Amino acid sequence: MQNNLLEVRNISKSFPGVKALEDVCFSVKEGSVHVLCGENGAGKSTLMKIINGIYQPDGGETLIRGEKVEINSPIRAGELGISMIFQELNYTPEMTIEESLFAGRWPKKRFGQIDWKTIRQKTLQLLKQENLSYDPQTKLKDLSISNLQMLEILKAISRDADIIIMDEPTSSITNKEIEILFEKIADLRARGKGIVYISHKMDEIFRIADEISILRDGKVVETRPKDKFDIDSVIALMVGRALGQGYPKEDVPRGDVVLEVENFSGPTGFSDISFNVRKGEIVGFAGLVGAGRTEVMRALFGLDPHFGGTVKVHGAPVKVRNVQDSIRNGVVMLSEDRRRYGIVPIRDVKENVTLASMEQFFQKGRLHSARERSRVEEICSKINVKMASIDVQVSTLSGGNQQKVVLSKWMLQDPDILILDEPTRGIDVGAKFEIYKLMTSLVKEGKSIIMVSSELPELIGMCDRMYVMAEGRITGELDRAEFSQETIMRYAMNMARKAV
Numbered sequence: 004m005q006n007n008l009l010e011v012r013n014i015s016k017s018f019p020g021v022k023a024l025e026d027v028c029f030s031v032k033e034g035s036v037h038v039l040c041g042e043n044g045a046g047k048s049t050l051m052k053i054i055n056g057i058y059q060p061d062g063g064e065t066l067i068r069g070e071k072v073e074i075n076s077p078i079r080a081g082e083l084g085i086s087m088i089f090q091e092l093n094y095t096p097e098m099t100i101e102e103s104l105f106a107g108r109w110p111k112k113r114f115g116q117i118d119w120k121t122i123r124q125k126t127l128q129l130l131k132q133e134n135l136s137y138d139p140q141t142k143l144k145d146l147s148i149s150n151l152q153m154l155e156i157l158k159a160i161s162r163d164a165d166i167i168i169m170d171e172p173t174s175s176i177t178n179k180e181i182e183i184l185f186e187k188i189a190d191l192r193a194r195g196k197g198i199v200y201i202s203h204k205m206d207e208i209f210r211i212a213d214e215i216s217i218l219r220d221g222k223v224v225e226t227r228p229k230d231k232f233d234i235d236s237v238i239a240l241m242v243g244r245a246l247g248q249g250y251p252k253e254d255v256p257r258g259d260v261v262l263e264v265e266n267f268s269g270p271t272g273f274s275d276i277s278f279n280v281r282k283g284e285i286v287g288f289a290g291l292v293g294a295g296r297t298e299v300m301r302a303l304f305g306l307d308p309h310f311g312g313t314v315k316v317h318g319a320p321v322k323v324r325n326v327q328d329s330i331r332n333g334v335v336m337l338s339e340d341r342r343r344y345g346i347v348p349i350r351d352v353k354e355n356v357t358l359a360s361m362e363q364f365f366q367k368g369r370l371h372s373a374r375e376r377s378r379v380e381e382i383c384s385k386i387n388v389k390m391a392s393i394d395v396q397v398s399t400l401s402g403g404n405q406q407k408v409v410l411s412k413w414m415l416q417d418p419d420i421l422i423l424d425e426p427t428r429g430i431d432v433g434a435k436f437e438i439y440k441l442m443t444s445l446v447k448e449g450k451s452i453i454m455v456s457s458e459l460p461e462l463i464g465m466c467d468r469m470y471v472m473a474e475g476r477i478t479g480e481l482d483r484a485e486f487s488q489e490t491i492m493r494y495a496m497n498m499a500r501k502a503v
């Protein structure tokens, strides 16, 4: 019989206006993977932060190997053999890979100096062991999201923890990296480690889980062995309702071309990009990680430089020198990395939503606070941001609600064209459905959407047309009637070519 490595009993936690957890019981056995599911706002992150010592519970107890413990800090959690990989990456951009791996546990020389030679050797050994080819002196600011995610996984593994919490660890990594991760999870399980795995990807859940627990509204509504669940029952328990159709796509009349990009090239790895978007249309961009989709969109939004090519909005050539130019052109972007480019975590919802639109609320040099509050509450209600009030700090919201705050910010600009880069990354099925409904609502209002996603089913389910990229170039354009995962993957792997 497997023993419990970790057990929490009757854990409760409240924040101002919100009861995040209520009498939660949860355990992780030796040599097992316990998957935790739930909609955004269900309490998953709060529970994990309590286990990791970031939050203190209002009630309940925590046991490690049957002994009651108090986890009052992440340092104490580490001492007890708990390591957590967060979905939202928090890192110091100027720190190197080797510094990040050994921060807080520096090998020392005889007289107390940091032993950089040993750090380098151990880093290289660890990278080789995990089949990764990073330069140990690479700064974190120069890594992609997928590489940063892999580094966080590597860091947790390197600490040889008995209990490893993984919060959406595959949300931004390649299929090859996912296979490496799953091999490592199998290895850790065989060595008697306990894994808490938070995911909304059903194929992952049913591939690696031993047990599944489902949180809803701060309570554990069900815990069973994996073979006692099926996909429909998991989703029904998560959301407390039947979702019905997964993609609420509606046929919306398409109008004139509102955005036309021709021979667009940039120093970040894309060249000769040409495409167009019509009024009331959702245009998808598919491709493997590293294909250049995000790089094109960042340059189009003015975040990165570009050279050559033209951009036309409503038929008129426009300049895109910076983000301000793009906003004036009626183009906004929801970035794939919302914490770096979308929100200011330490500020409240109101400040985040009005961040790019403060001029709307000033008249003769005076801020109209009542109008600001009214407008923010109106837009947040429309987008269904779940929160106690617009005065709560954004960092206290779930990932899906943080994403909605970013959308609210840009909707205040009343844009014509929205670039949504991985808009459903790391959010649960219920929150995804809300994003899809919002997209449909926006195009019915005459907006146009560019959707970048690594999830082919949602591109196929939501888009009117699709461009596929590989190696920094567009390799195919598909109409909705031509969509299939096989066809898209052939273009994504540059195995087929269609004139665009």
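Counting from 4, one number per residue, gives the positions in the sequence shown under our numbering. Where a beta carbon is used, it is the ideal one built from N, C-alpha and C, also for glycine. Predicted, not measured: the structure shown is a model, and the values here were computed from it.
Extent of the continuous beta strand (DSSP E) to which residue i belongs
i           : result
residue 279 : 273 to 281
residue 383 : Element bounds for residue 383: not the beta strand (DSSP E) but the alpha helix (DSSP H), 372 to 386.
residue 287 : 285 to 289
residue 254 : Premise fails: residue 254 is in no beta strand (DSSP E) and is neither H nor E.
residue 210 : Unbroken run through residue 210 is the alpha helix (DSSP H), 205 to 211; no beta strand (DSSP E).
residue 87  : 85 to 88
residue 472 : 468 to 473
residue 62  : 62 to 67
residue 451 : 451 to 455
Status (buried if at least 16 other CB within 10 Å, exposed otherwise) for residue i
i           : result
residue 247 : Its pLDDT being 48, under 50, residue 247 is placed unreliably by the model, and nothing is read from it.
residue 418 : buried
residue 351 : buried
residue 420 : buried
residue 131 : exposed
residue 93  : exposed
residue 180 : buried
residue 299 : buried
residue 502 : Legend: pLDDT at residue 502 = 38, less than 50; position of this residue unreliable, value from coordinates given subsequently. Residue 502 should be labelled exposed.
residue 487 : exposed
residue 120 : exposed
residue 370 : exposed
residue 95  : exposed
residue 90  : buried
residue 188 : buried
residue 500 : Bear in mind that a pLDDT of 45 at residue 500, under 50, signals an unreliable position, so the number given afterwards is only what the model happens to contain. That one is exposed.
residue 368 : exposed
residue 366 : exposed
Which listed residue (the options) has its alpha carbon closest to that of residue i
i           : options               : result
residue 453 : 294, 287, 40 and 17   : 287
residue 161 : 202, 205 and 100      : 100
residue 424 : 444, 458 and 449      : 458
residue 465 : 216, 446, 382 and 33  : 446
residue 44  : 411, 396 and 389      : 389
residue 60  : 361, 75 and 104       : 75
residue 199 : 14, 339, 168 and 269  : 168
residue 104 : 67, 142, 48 and 194   : 142
residue 42  : 433, 449, 460 and 461 : 433
residue 324 : 316, 303 and 340      : 303
residue 33  : 107, 190, 114 and 27  : 190
residue 359 : 139, 413 and 81       : 413
Within 8 Å, strictly: CB atoms of residue i and residue j
i           : j           : result
residue 408 : residue 356 : yes
residue 469 : residue 481 : yes
residue 443 : residue 256 : no
residue 279 : residue 262 : yes
residue 9   : residue 54  : yes
residue 281 : residue 314 : no
residue 398 : residue 348 : yes
residue 207 : residue 173 : yes
residue 284 : residue 451 : yes
residue 295 : residue 472 : yes
Collapsed DSSP secondary structure at residue i in the structure displayed
i           : result
residue 177 : coil
residue 432 : helix
residue 161 : helix
residue 403 : helix
residue 346 : coil
residue 319 : strand
residue 486 : coil
residue 228 : strand
residue 135 : coil
residue 363 : helix
residue 358 : coil
residue 124 : helix
residue 292 : coil
residue 145 : helix
residue 18  : strand
residue 491 : helix
Span of the alpha helix (DSSP H), counted from its first residue to its last, around residue i
i           : result
residue 351 : Run containing residue 351: none; DSSP gives neither H nor E here.
residue 236 : 234 to 242
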